[in-house]
Structures are given as C-alpha cells and as structure tokens.
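In terms of the UniProt record's numbering, the sequence shown has 38 at position 38, counting the first letter as 1, and numbering is strictly consecutive. For every residue, glycine included, the Cβ atom is placed at its ideal position computed from N, Cα and C.
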Amino acid sequence: MGFFDRLKEGLSKTKKNFTEKVESLLKSFKQVDDELFEELEEVLVLSDVGVKTSQKIIENLKERVKKEKISEAQAIKELLKEEMLNIINLENKLSEKYPLIILMVGVNGVGKTTSIGKIANLLKTNGKKVLIAAADTFRAAAAEQLEIWAKRVGCDIIKHVEGADPAAVVFDGIQAMRARKADVLIVDTAGRLHTKKNLIEELKKIDRVINQQMPEATKETLLVIDATTGQNALVQAKEFHQAVNISGIVLTKLDGTAKGGIVISICDELKIPVKFVGVGEKIDDLQYFNAKEFVDALFEN
C-alpha cells in the first residue's frame, strides 16, 4: 500500500466527520443560499477547522459563487477543495542545505521520540548521514527510548546522564557531527509544559550553543503535535511559536482522529507549514506532507 492509500485510510475518521457531512449537505440543497453556507460553516467548525478559518473559507466561497455566478449546490465541493488547498499549500520542504540541525520541540506524549526516529529513517533512506542528540535529559528513560530508535534506524546517538545540561548534550552533538562528517543532527528537547518559563530559557540556551559552535549550519525547529487534540494543538502551536521560531509542524496520529481539519486551522492562523504527517505506527508511516494529496485523500470516495 502506497503512502497516499495509507493517508486515505488514515483520514477515514475525519472523512466520516467532515467529507460525508459535506456530501450529504450539498445533496440536500438544490440551490446555493445563505442557509447552505450557514450549515457548511457549522460542519467546518465541528471538524476542527476553527471558527476564524471557517468564516474566512465561507466568505471566500460566497464571493466566488457571486463572481462566477454559481447556482448549483454540488459545484461548491470543488470550490471548497480549492479554498482548503490555497490555505495549506505553504512552502513546506525541509531544508536541503547541509549541515542541518533539526530541533524537535513539543509537549510530552505527542509522539516526539517516535517522530525523531521516523524522520531519521526518512533522511537516512535518502542517503544522508544522521546523528541524534538526546537533549531531553529531564524525562526518565527519554534517552533510552531514543537509543532504541537510533539502533533501529542505524544511526549514532549522543547522550549524557539523566539530569545533565541539555545544552551540553547539543555541544557534544555538534562536535560529533563535525568529527563524523554527518549531514544532519536531530536534537530531542524536553517536553515539559510550554507554560514553564525554564523550558523556553532552555531552548534559547540550546539555540545559543548552535549559533556559537556551528554558525554555518541551517536550522529547522519542528513542533510535534498530536492531531487527536484538535484545537488544543493550535493553542500549543501558538505558544511555542511565540517563544521559539517554529519552521514547521510534524502532525502525528492523524489516523486516530476525526479532527484532521486542524491542519487547515494551523496553516491559516499561524502560516506555519505542516512538513511531516504521521498515519500509523510503522517506521515509514511518517512522510513528507503533500497538501494536494491531503485534500484529494480527504475528498476521494
């Protein structure tokens, strides 16, 4: 099964919650009128597209219907697909300028460790030499879990004892990266709640170490969020983005949620691209996000 089919399968709960309701709604209306738009907005909001983004989509649809003189309800479906694609189709390529240092941030329990392993596997499959730095030194067994993934993928891991200074782990990771001529260093960071000031200070300290020790490196800061948390994920994204400059989102557990609309909400409100999407437990179930494939998978019968 190709990734598009897995994506389609993974979006089945969202499709039930969203696409099927849209289809049913459009069938129940012959003509396009205000009542149709009101009900469509409700479907969007309930699918975690969010109030603000849903209103924006509806306003755009109304304008296009007027401008293009559309009267049949069924024609709305294609317009809706186009509107959604316009929002999520942001520049979302992971940087290909090496050396590349990827900081992985996010609260505990969102699938950060698993995502690091899967991204390392994806990069290694593409011929890159990858190192992992276990800089979440606060969570018990975080380094051990990461080490299991490193062995599985076949890449080296840099770790210190539990409770060590995370910035010191990053320092050693950079030295190892240089010595071993690695292309990519993926850094795990602590996932304590984003409201804690010391977590933000810690991330800034790591950032300073990177700038001092490898100023020539390209940096990506990827925020891992759990799709099943819906609008909560948007709140997390906003708070992290205010503290550190997030360059992309890794959206996990899309296969376990009916709230796949959160993709649209995040892209619209924060203008941060989704760079990776996870639809399962297997090592290759996390792939680069493709906006067109996402919308096609969502609407395909």
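Compute the Euclidean distance between the alpha carbons of Glu293 and Val51, then round it to the nearest angstrom. Glu293 and Val51: Cα-Cα distance of roughly 24 Å.
Residue closest to Lys93, alpha-carbon to alpha-carbon, out of Gly280, Phe299 and Thr221: Thr221
Limits of the unbroken beta strand (DSSP E) element including Lys219: Thr218 to Asp226
Extent of the continuous beta strand (DSSP E) run through Leu103: Leu100 to Val105
From Thr218 to Leu185, what does the alpha carbon distance come to, in whole angstroms? In a straight line, the C-alpha of Thr218 is about 10 Å away from that of Leu185.
Could you tell me whether the Cβ atoms of Ile158 and Ala176 are closer together than 8 Å? Ile158 is a Cβ neighbour of Ala176, given a cutoff of 8 Å.
Please work out which residues of its chain come closer than 7 Å, Cβ to Cβ, to Phe171, disregarding the five sequence neighbours upstream and downstream, and give them in chain order. Val209 and Gln213
For Asp156, the first and last residue of its enclosing alpha helix (DSSP H): First-last for Asp156: Asp156 to Ile158, but that is the beta strand (DSSP E), not the alpha helix (DSSP H).
Where does Ala227 land, buried or exposed, given buried means 16+ other C-beta within 10 angstroms? buried
Proximity below 8 Å, CB of Thr53 to CB of Gly260: no
May I have the straight-line CA-CA distance separating Leu46 from Leu40, to the nearest angstrom? Put simply, the backbone Cα of Leu46 is about 10 Å away from that of Leu40.
Please report how far the alpha carbon of Phe138 lies from the alpha carbon of Lys112, in whole angstroms. 15 Å
From Gln145 to Gly10, what does the alpha carbon distance come to, in whole angstroms? 25 Å
Using 8 Å for Cβ pairs, my map puts Pro215 next to Glu91. What's the rounded Cβ distance? Pro215 to Glu91, Cβ: 24 Å. No contact.
Could you name each continuous alpha helix (DSSP H) segment of 4 residues or more that falls completely within the stretch 142 to 177, going from the start of the chain to the end? Whole alpha helix (DSSP H) segments, 4+ residues: 142 to 153.
8 Å Cβ shell around Ala150 - same chain, five flanking residues per side excluded: Contacts found: Gly117, Ala120, Ile132, Asp156 and Ile157.
Do the stretch 276 to 286 and the stretch 69 to 79 touch if we need at least three Cβ pairs shorter than 8 Å? No, the stretch 276 to 286 does not touch the stretch 69 to 79.
In its own chain, which residues sit with a C-beta less than 6 Å from the C-beta of Arg64, not counting the 5 before and 5 after it? Correct list, in chain order: Leu79.
Taking only runs of the alpha helix (DSSP H) that begin and end inside the stretch 29 to 116, which ones reach a length of at least 4 residues, in chain order? 34 to 46, 51 to 67 and 76 to 88
Near Lys124, which residues of its chain fall below 8 Å by C-beta distance, leaving aside the five closest residues on each side in sequence? Val130, Val153, Gly154 and Cys155
Identify every residue that forms a DSSP beta bridge with Gln287. DSSP output for Gln287 lists Val277 as bridge partner(s).
In angstroms with no decimal places, state the Cα-to-Cα distance between Val161 and Ala168. 11 Å
How is the beta strand (DSSP E) around Ala133 delimited, first residue to last? Val130 to Ala134
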